[in-house]
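Structure record follows, encoded as structure tokens.
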Amino acid sequence: MRRKLAAGNWKMNGTRASLAEIGRIAADHGGAACEIMICPPATLIAAAVTAAGDAPVRIGGQDCHARASGAHTGDIAAAQLADAGASHVILGHSERRADHGESDADVAAKVLAAWSAGLVAVVCLGETEAERDRGETLAVIGRQLAGSVPEGATTANLVVAYEPVWAIGTGRTPTLDQIAEVHDFLRAGLTSRLGPAADGVRLLYGGSVKPSNASEIFAVSNVDGALVGGASLKAEDFGQIIAALSAA
Ligand code: 13P
Numbered sequence: 042m043r044r045k046l047a048a049g050n051w052k053m054n055g056t057r058a059s060l061a062e063i064g065r066i067a068a069d070h071g072g073a074a075c076e077i078m079i080c081p082p083a084t085l086i087a088a089a090v091t092a093a094g095d096a097p098v099r100i101g102g103q104d105c106h107a108r109a110s111g112a113h114t115g116d117i118a119a120a121q122l123a124d125a126g127a128s129h130v131i132l133g134h135s136e137r138r139a140d141h142g143e144s145d146a147d148v149a150a151k152v153l154a155a156w157s158a159g160l161v162a163v164v165c166l167g168e169t170e171a172e173r174d175r176g177e178t179l180a181v182i183g184r185q186l187a188g189s190v191p192e193g194a195t196t197a198n199l200v201v202a203y204e205p206v207w208a209i210g211t212g213r214t215p216t217l218d219q220i221a222e223v224h225d226f227l228r229a230g231l232t233s234r235l236g237p238a239a240d241g242v243r244l245l246y247g248g249s250v251k252p253s254n255a256s257e258i259f260a261v262s263n264v265d266g267a268l269v270g271g272a273s274l275k276a277e278d279f280g281q282i283i284a285a286l287s288a289a
């Protein structure tokens, strides 16, 4: 059985004042049937761990460097995220692929760094609108999965998030059939790589998930949770998504 995961990606949003939202999630949903994770900006990771207190709310980073340490001004090593209290790290988000030119090989190197530091890697992939329009969605997803997830993946160290680029922050979502098609394809792809262990890898959907559409998305085949951007910033909205996932 895969434990469902409600993950929030705060992106470049939030200051110390926002920690109250984590406190509310911890207080109101600490007993949820699903796993909960919030990935705040790196500046808030240590304080977010404190804000979560004893509640089972995991805290994650949004990126790490591929190297363990060294002269990389402005970058953050996986071990530094772990030292701050993070248990997970998002890698290969489309915003990093676009803003920082990260390739599949770059992402795979970062995943290895994350694993070396004991972090769970949340690997993101997804097609652009032009790629979908050209009928290339599964080819793109297959290529990203093969290139971004290195050898050594297990049920315990990998989560995969399908985030269509055109659905992020737009209010648009794929049809439920389109989500199912990609998630079933991802499960099959992981199974051919990992064998039966692929059954335990959580597959998240991300892109304009909100309280009003969460339940229908969580009912889709091979959707084990969500990676939520905008709607994770407020405990009220994220709490409703957590509740929908717990009930799924
Ligand atoms: P939105 O939920 O704001 O569309 O963002 C999704 C996302 O990119 C999560 O990583």
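Here the sequence shown is numbered in my numbering, starting from 42 and rising by one per residue.
Note that CB positions come from ideal geometry on N, CA and C, so glycine has one too.
The structure presented is a predicted model; accordingly, all values stated were derived computationally and were not measured.
Non-local C-beta neighbours of Ala107 in its own chain, meaning closer than 8 Å and more than five positions away in sequence, comprise Asp147, Ala150, Lys151, Leu153, Ala154, ordered along the chain.
Residue nearest to Arg57 within the set Glu76, Gly49, Ala87, Thr195 is Ala87 (criterion: CA-CA distance). As computed with DSSP, Glu76 is found in a beta bridge with Leu46. Not a single heavy atom of the ligand 13P lies less than 7 Å from the C-beta of Ile282.
Boundaries of the beta strand (DSSP E) harbouring His129: 129–132, taken from the DSSP string.
Counting only runs of 3 or more residues that sit fully inside the segment 81–141, the beta strand (DSSP E) segments are 98–102, 129–132, in chain order. The residues Ala238, in chain order, have a CB closer than 7 Å to that of Thr195 in the same chain once the five nearest residues on each side in sequence are set aside. A direct Cα-Cα distance of roughly 11 Å separates Ser287 from Ala255. Around the Cβ of Met78, a 10 Å sphere holds 16 or more other Cβ atoms; the residue is buried.
Those residues having their beta-carbon less than 6 Å away from any non-hydrogen atom of the ligand 13P are, in chain order, Asn50, His134, Glu204, Ile209, Gly210, Gly247, Gly248, Ser249, Val250, Leu268, Val269, Gly270, Gly271, Ala272.
Val261 sits in coil when the DSSP states are folded into three classes, being neither helix nor strand.
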